[in-house]
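Below: one structure, written as structure tokens.
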Amino acid sequence: MTDETSDEGIPPPEGATAVIETDYEVGQDNYTGSLGPIKLDFHNPVFLISAVCIVVFVAIALIWPDGAAENFLAIRDYLKSSFDWFFVLSANIFVLFALFLIVSPWGSVRLGGVDATPDYTYPAWFSMLFAAGMGIGLMFFGVLEPAYYFATPWGDQPLNGPIGVIDGVVQDAATVEAARSAAMAATIFHWGLHPWAIYAVVALALALFSYNKGLPLTLRSAFYPILGERIWGFWGNAIDTLAAFATLFGLATSLGIGATQVASGLTEVFGTGNAEENTRNFLGLGWGNVDVEMNSSLLLALIIAFITLIALVSVVRGLDGGVKILSQVNMGLAGLLLLFVLIVGPTGAIFADFFGGLSAYAQNIVPLSNPFGREDTGFLHGWTTFYWAWWISWSPFVGMFIARVSRGRTVREFIVCVLLIPSLVCVFWMATFGGTAITQVVEQGVDSAVFDNVIANYRPEISLFAMLGDLPIAAITSFIAIILVVVFFVTSSDSGSLVIDTITAGGKVDSPVSQRIFWCIFEGLVAAVLLLGATGTQGLDSLQSMVISTGFLFTIVLLVMCYAIFIGLRNERRAVKDDEGGVQSPAE
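The opening residue of the sequence shown carries number -9 in my numbering; numbering runs sequentially from there.
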């Protein structure tokens, strides 16, 4: 096992596999040439359609910002209210399918062939998976979500359950405990099995049909058992184009969220002025004010531009020289911050929230997963539906990245590591940060900074720094948190550029670096344009609208993909059994 890889194409299968015989060669439909010193090697329809449509989208958002935002929000609200059941039901199917593969005979199939060995050690594999998979989200929602569910005054608590604080008054001990358990259960529901099952399905499809079947590392390849040679034509182009769109808007939303949190951290640590008087600013650019219209979108755009420049350096350095190093450094910093909060925070309550949250999650997963007849529509539409659409939009990005670094694992090992282990780590993160925040609200009431910024005044981007502000050495830990968000930002942008470029290059993983640079710039540009042309939270709302729109279409793709994976694994196991008298993989 090694931690060294190259970007020089996908290695052929090792040992017995059910290789798909096709005359198609990776890159045969690509345009290759140069534009001055810039080398080009991209899939003709997919790259051009994706790029042109995104350019048109950016132009419309710039020229007609208010009208564009209004239409985006109308689409979002319609999909959330009319197709909430579809998102919830689909996510349930992905979880059940992933769990089935763990216990099924097909779990013994090895990605890359029976003789393949892992390219990365477990520590390196996990660090890249977390940094690219959920880093920004954990930093943003780690405090916000549990604290919000615990004391939301807007009637959108999970399952219409108990509320721990009403009109600024902390309730009795029994109600507080019930509200705390409900808050942790709902948080775990959004960050546990369901999102990682979505990622696992896409990653497994990409890895199986590329490493074992010999097809290009792109979404269309997973549909060969259904479409056959037609994946090289219209249907394949449509699938890859939709995947590129979903990935870009999912990333742009994450970058927008990350930018708001970086701005809040900089303002909290280095800013001046008073938020209540709407004079809070960082270097003269307003941020963190009670009146959100006094906050500067320009600050967000400058942050996105600066971090995109850092991401470009990482893109040029490649997978091992860029993302891998940054991921390992960031996981070290994240571990230190987690350990600090665990030690100086309410340690006993944190562990109680971890184990109690898992128990509450197990008890409530069925009603939380129910797609029909829900009365808690505020929670269902405002949180769950958006989350599932966001994770699905992210799935081509995270799935392909996981596939790139998961060759040599068995399907069973792959699913367990991608599904169960990360879920537990996410739960512990939420219990540590969210549990500490809830304890602060219970002990300090309306004087808690978390209560002020999450409940009294909904300023979600400040929630993490509000919690850290009530702990020792707040300035130092807040600065570390800023660095963490920045590096998570960089790794997401870098990895996303790699993935979108692979999709739009027809599955080539050794395309010119200039194309990755192009997509890296465009990711930041889409986020910056929507944030610049908006007031208040309108920019992030527009990004969320595009996530839900592309996520809705891509959900259909993922459901069909599950069937394709089943066929592919069945044929793979047969091929191994038939090879030279039924040679099995070591796991069998």
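C-beta: ideal position from N, C-alpha, C; glycine also. Predicted, not measured: the structure shown is a model, and the values here were computed from it.
Could you check where the beta strand (DSSP E) with T22 kicks off and where it finishes?
That run of the beta strand (DSSP E) goes N20 to L25.
Can you give me the Cβ contacts of L316 inside the same chain, cut-off strictly under 8 angstroms, excluding the 5 residues immediately before and after it?
So the qualifying residues of the chain are A121, S304, V477, V480, T481 and D484.
Are the beta-carbon atoms belonging to A565 and A195 less than 8 angstroms from one another?
Not a contact, by the Cβ cut-off of 8 angstroms.
Measure from the alpha carbon of S81 to the alpha carbon of each residue in I507, G17, L183 and D109, then state which is nearest.
In the sequence as displayed, the identity of residue 81 is Ala instead of Ser. When only C-alpha atoms are compared, the closest one is L183.
Measuring alpha carbon to alpha carbon, tell me which residue in M536, M457 and G335 is nearest S254.
Of the candidates M536, M457 and G335, the one whose C-alpha sits nearest the C-alpha of S254 is M457.
Within the region 72 to 122, note down every full beta strand (DSSP E) run reaching 3 residues or more, in order along the chain.
For the region 72 to 122, not a single whole beta strand (DSSP E) run of length 3 or above is found.
Keeping to the same chain, check which residues put their C-beta closer than 6 angstroms to that of S575; ignore five residues upstream and five downstream.
No answer about S575 holds up, because its pLDDT of 39 lies below 50 and its placement is not dependable.
Helix, strand or coil for D13? Go by DSSP, reduced to three states.
It is coil, neither helix nor strand.
Just tell me which of G204, P113 and V160 has its CA closest to the CA of T12.
Closest option to T12, Cα to Cα, is G204.
Using three-state DSSP, classify K203 as helix, strand or coil.
K203 falls in the coil class under three-state DSSP.
Evaluate L86 with the Cβ neighbour count: other Cβ atoms within 10 Å of its Cβ, from every protein chain shown; 16 or more gives buried, anything less gives exposed.
Exposed, because fewer than 16 other Cβ atoms sit within 10 Å of the Cβ of L86.
Apart from the five residues on each side of it in sequence, which residues of its chain come closer than 7 angstroms, Cβ to Cβ, to F73?
Closer than 7 angstroms at Cβ, skipping near neighbours: F542.
Can you tell me which of the three DSSP states F362 falls into?
Reduced to three states, the DSSP call for F362 is coil.
Go ahead and pull the three-state DSSP assignment for K567.
K567: helix per DSSP, three-state reduction.
Classify N443 as helix, strand or coil using the three-state DSSP reduction.
Here N443 sits in helix by DSSP.
Just to confirm the assignment, what range does the alpha helix (DSSP H) spanning I39 have?
Here the alpha helix (DSSP H) through I39 covers N34 to I53.
With three or more C-beta pairs closer than 8 angstroms as the rule, is the region 496 to 508 touching the region 397 to 413?
No, they do not touch.
Indicate the three-state DSSP secondary structure (helix, strand or coil) for I511 in the structure shown.
Note: I511 maps to helix in three-state DSSP.
In the DSSP assignment, find the unbroken alpha helix (DSSP H) run with M390 in it and report its ends.
Element bounds for M390: T375 to R394.
Taking the CB atoms as reference points, tell me whether A517 and I355 lie closer together than 8 angstroms.
No, the Cβ-Cβ distance between A517 and I355 is not below 8 angstroms.
Measuring alpha carbon to alpha carbon, tell me which of S71, F130, S438 and V42 ends up nearest F423.
Of the listed residues, the one whose Cα sits closest to F423 is F130.
Give the list of continuous alpha helix (DSSP H) stretches no shorter than 4 residues that lie fully inside the region 270 to 347.
287 to 308 and 314 to 334, all fully within the region 270 to 347.
What is the rounded straight-line gap between the Cα of I92 and the Cα of V417?
I92 and V417: Cα-Cα distance of roughly 21 angstroms.
Can you tell which of S94, I10, A58 and L149 has the C-alpha that lies nearest to the C-alpha of G372?
Among S94, I10, A58 and L149, the Cα nearest to that of G372 is on L149.
Assign L370 to buried or exposed, taking buried as 16 or more other Cβ atoms, counted over all protein chains shown, within 10 Å of its Cβ.
Counting Cβ neighbours within 10 Å, L370 comes out buried, since at least 16 surround it.
Could you give the first and the last residue of the continuous alpha helix (DSSP H) run that contains P185?
L183 to A197 is the span of the alpha helix (DSSP H), which, as asked, contains P185.
Which residue's Cα is closest to the Cα of T111: E451, R399, L515 and D531?
Checked all of E451, R399, L515 and D531; the closest Cα to T111 is R399.
Helix, strand or coil for V573? Go by DSSP, reduced to three states.
For V573, the pLDDT reaches just 44, beneath the cut-off of 50, and the residue's location in the model is therefore unreliable, although a value from the coordinates is still provided. Note: V573 maps to coil in three-state DSSP.
Relative to the C-alpha of G389, which residue among T22, P136 and V191 is closest?
It is V191 whose Cα lies nearest to the Cα of G389.
Under the three-state reduction of DSSP, which class applies to V155: helix, strand or coil?
It is a strand residue.
Counting Cβ pairs closer than 8 angstroms, one from the region 251 to 270 and one from the region 438 to 456, do we hit at least three?
Touching, yes, given that three or more Cβ pairs across the two stretches are closer than 8 angstroms.
Expressed to the nearest angstrom, what Euclidean distance is found between the alpha-carbon atoms of N271 and V280?
Distance between the alpha carbons of N271 and V280 is about 12 angstroms.
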